[in-house]
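**Student:** Quick one: the structure is below, questions incoming.
Numbering (the working numbering), first residue to last: -16 to 498.
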C-alpha cells in the first residue's frame, strides 16, 4: 500500500471508525509524508507522544500522528531515542500542530527541534524534569506557584495590554487572554490555557476497556456522546467486535440529540451577548425541554454513559419514539420562528455581521475544523467525508457558509439543527429490531482508533493495550486543538467588547485539550 508514491510499509487495521491504516516511519519518511499530505490539501488530525522504554533496548519514545486522507485515517509512528527525543518541527507545514507539539513536550518530554519552545500545559508548579506520561514518573502533588509566562509583547505609542482571566466573572472555565490594543481596536490576542489539567491520559493507564469508557465520556461534558462513541470504536477495533445495527442507529440518535442541545444553548447565549435577552430565554427553554426528554427516555440529561463498548446501555420503546418525533416537530417550528426574529433584528445583525471574521483562505491555512470551519467554507464533516455506519446510509448534508463571521457561525448552527432533526426522523423511521449490545473482550498489544463528528468538530481517540490487555495508552483529541489558534486571528481589528461574542461564536472547550 502506498500513499503519495512513498514506499512506506502500511498495515491495514480492522477498525470501525473508517478505513484505517498505520505504519512506523523514519524521520525522512515522516517529513516527506507531511509535505505530500499538505500539498494534497489533507489535514493533520492529531499529534501525541508515548513512552516506549519498557518495551526493550531498541525503544525509547514515540511520536504519533493521525492524518485524514481520501481513503480514511492514516496513523504514523516515529520512534525516538531515549537520550535526546527530538523530531522535526511540523508546525511549519501544519500550523495547527504547534500547541500539540508543546503539549507532547510537557507531558512526555519529546520535543521539536525548532518552533515555539514555551510550555503549554506545564505551569511553574511542575518541576523541570516532571513528565506525567513517562512510565517512571511517580504520582505527585505540587504546591501552586505564580508564573511569569513569556507573552509576546506588542510595543509602540498608544499600545497597551488588557489581561483577562484566567478566573472569569461567570461560571466559564478558566483561561487567560492577553490583549494588545490601540484605542478600541485589538492588535493582537494571545491565549494561555492549561488551567484545567486533570491528568486524564495518565488515569487511563491500567484500566480495562469498559472502565476506560466511563473516563472517556468525561473528557468534555458537553461532548460526552462523541467521546464515548469514538472510544467505543477504538475498543471495538481492539476486540474485533461490531455492534448490532440497532445499537449503531441509537448511537447516531444520541449524537444528533447532543448536537441539537448544544446548538440551542449557543444560539441563546449569542443573543444574550448582544443584549437580546429574549433570545437567551427562548433558546434555553427549548434546550431544557430537549434535555429533559433525554433524562426521561435515556436516563441522563447529557446522555453520559449511554454509549458503551459493544453497543449502547439503553434502548428506546415505541412510546419514546413517538415522543421524540413530536418534540422534533415542535422544536423545529419554534427554531424557524426564532431564526426569523434573529434574521430581522437590526441590532443583532449589526453586531453579528463582519464581526470576528475568518476568511476561507485563512481557515484553510490554519486547518480549522467543525462548525467553525464550515462557517468559513471548509467542506469538512466526518459524517459526510468519512461516514461510519449508519451515516453511510443516512447521507447527511453539510451546512456551510462563506463569510466566516459570527453571523455565519450562527447560521451554521441553525442549519445543523434542522439537518439533525431530519436525520433523527430518518433514524427513528427505520430503526431495526434486535440486540443493542455485544460483549467486548480486550486483546493484548493491540491498537484501535475512533473518529466521530461531534457538535464542535471531529473527536479522535487512539487506544493501545499492553501485554496484560489493560490500557497502555489512550489519547483523546478534541477539535478545539485546531480552532483555539483561529480565535486569536478572529479578534484582530475588532473592539475588545466584541471578544465575548466572538469567543462564544466558536464556543471551544477549555477542558478537552487539557488532559
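Backbone N, C-alpha and C fix where the C-beta goes; we use that ideal spot for every residue, glycine too.
In three-state DSSP terms, what is residue 542?
**Tutor:** The structure shown does not extend to residue 542, since the chain is modelled only from -16 through 498, so no value can be given for it.
**Student:** If you count every other CB in all the chains shown that lies within 10 Å of the CB of residue 155, and 16 or more means buried, which is it?
**Tutor:** Classification of residue 155: exposed, given that the 10 Å Cβ count is below 16.
**Student:** Return yes when the Cβ of residue 389 is within less than 7 Å of the Cβ of residue 342, no when it is not.
**Tutor:** Cβ distance not < 7 Å, so residue 342 and residue 389 don't count as in contact.
**Student:** Just verifying my parser: in three-state terms, what is the DSSP assignment at residue 371?
**Tutor:** Three-state DSSP puts residue 371 in coil, outside helix and strand.
**Student:** Short of 6 Å in beta carbon distance, which residues of its chain neighbour residue 264, apart from the five on each side in sequence? Order them along the chain.
**Tutor:** Excluding residues within five positions, none has a Cβ falling inside 6 Å.
**Student:** Does DSSP classify residue 455 as helix, strand or coil?
**Tutor:** Residue 455 falls in the strand class under three-state DSSP.
**Student:** Taking Cβ to Cβ, would you say residue 255 is nearer than 7 Å to residue 205?
**Tutor:** Result no, Cβ atoms of residue 255 and residue 205 do not sit closer than 7 Å.
**Student:** Report yes if the C-beta of residue 422 is less than 6 Å from at least one heavy atom of the ligand MG; otherwise report no.
**Tutor:** Here there are no bound small molecules, and the ligand MG is not part of this structure.
**Student:** Specify, as a first and last residue, the run of the alpha helix (DSSP H) that residue 249 falls within.
**Tutor:** Unbroken alpha helix (DSSP H) run through residue 249: 228 to 256.
**Student:** Cβ atoms of residue 68 and residue 2: under 7 Å apart, would you say?
**Tutor:** Contact: no.
**Student:** Taking the alpha helix (DSSP H) that residue 193 belongs to, which residues open and close that run?
**Tutor:** Unbroken alpha helix (DSSP H) run through residue 193: 192 to 199.
**Student:** Going by beta carbon distance, what residues of the same chain come within less than 7 Å of residue 381, once the five residues before and after it are set aside?
**Tutor:** Here the set comprises 357, 362, 364, 367.
**Student:** Just confirm the distance between the C-beta atoms of residue 10 and residue 71, as a whole number of angstroms; I'd bet it's less than 8 Å.
**Tutor:** Right, the Cβ-Cβ distance comes to about 6 Å (below 8 Å), so this counts as a contact.
**Student:** Name, in chain order, the residues that DSSP records as bridge partners for residue 3.
**Tutor:** Residue 3 pairs with -4, 56.
**Student:** So, is residue 369 buried or exposed, given that buried needs 16 or more other C-beta atoms within 10 angstroms?
**Tutor:** Residue 369 comes out buried.
**Student:** Taking contact to mean at least 3 C-beta pairs separated by less than 8 Å, is the segment 317 to 330 in contact with the segment 429 to 439?
**Tutor:** Output reads no: the segment 429 to 439 does not touch the segment 317 to 330.
**Student:** Please classify residue 271: does DSSP put it in a helix, a strand, or coil?
**Tutor:** Correct three-state label for residue 271: helix.
**Student:** Which residues in the same chain as residue 429 place their Cβ atom closer than 6 Å to its Cβ, once the five residues preceding and following it in sequence are excluded?
**Tutor:** Same-chain partners within the cutoff: 221, 448.
**Student:** Exposed or buried, residue 136, counting other C-beta atoms within 10 Å across all chains shown (16 or more means buried)?
**Tutor:** Exposed, by the Cβ-count rule.
**Student:** Who pairs with residue 32 in a beta bridge, going by DSSP?
**Tutor:** DSSP, once it has assigned bridges, lists 46 as partnering residue 32.
**Student:** Taking all protein chains shown into account, do 16 or more other C-beta atoms lie within 10 angstroms of the C-beta of residue 270, making it buried, or fewer, making it exposed?
**Tutor:** Under this definition residue 270 is a buried residue.
**Student:** Just the C-alpha distance for residue 420 and residue 230, rounded to the nearest angstrom, thanks.
**Tutor:** Their Cα atoms are separated by approximately 7 Å.
**Student:** Cα separation between residue 418 and residue 307?
**Tutor:** Going from the Cα of residue 418 to the Cα of residue 307 covers about 21 Å.
**Student:** The alpha helix (DSSP H) spanning residue 87 covers which residue range?
**Tutor:** Counting along the chain, the alpha helix (DSSP H) containing residue 87 begins and ends at 81 to 91.
**Student:** Considering only residues of the same chain and omitting the five flanking positions on each side of residue 288, which have a CB-CB separation below 7 Å?
**Tutor:** Only 197, 200, 296 meet the Cβ criterion.
**Student:** Residues bridged to residue 114 by DSSP?
**Tutor:** DSSP, once it has assigned bridges, lists no residue as partnering residue 114.
**Student:** Rank 409, 112, 249 by C-alpha distance to the C-alpha of residue 236 and give the top, closest one.
**Tutor:** Minimum Cα distance to residue 236 is reached at 409.
**Student:** Can you name the residues that DSSP bridges to residue 434?
**Tutor:** Partner(s): 443.
**Student:** Is the segment 185 to 197 close to the segment 156 to 174, with three or more CB pairs under 8 Å?
**Tutor:** The segment 185 to 197, when compared against the segment 156 to 174, does not touch it at the 8 Å Cβ threshold.
**Student:** Is the separation between the beta-carbon of residue 91 and that of residue 32 shorter than 7 Å?
**Tutor:** A contact, by the Cβ cut-off of 7 Å.
**Student:** Report the partner residues of residue 460 according to the DSSP bridge assignment.
**Tutor:** Note: residue 460 sits in a beta bridge opposite 443.
**Student:** Cutting at 6 Å between CB atoms, please list the residues of its own chain near residue 445, excluding the five before and the five after it.
**Tutor:** These residues qualify, in order along the chain: 432, 458.
**Student:** Looking at the unbroken beta strand (DSSP E) that takes in residue 503, where does it start and where does it end?
**Tutor:** With the chain represented from -16 up to 498, any question about residue 503 goes unanswered, as that position is not in the structure.
**Student:** In the DSSP assignment, what residue or residues form a beta bridge with residue 163?
**Tutor:** In the DSSP output, where bridge partners are listed per residue, residue 163 has 144, 171.
**Student:** Below 6 Å CB to CB, which residues in the same chain sit around residue 232 once its five sequence neighbours on both sides are set aside?
**Tutor:** For residue 232, where only same-chain residues beyond five positions count, the Cβ hits under 6 Å are 373, 410, 414.
**Student:** On the DSSP letters alone, give me the boundaries of the alpha helix (DSSP H) that residue -14 sits inside.
**Tutor:** Per DSSP, residue -14 belongs to no alpha helix (DSSP H) and is neither H nor E.
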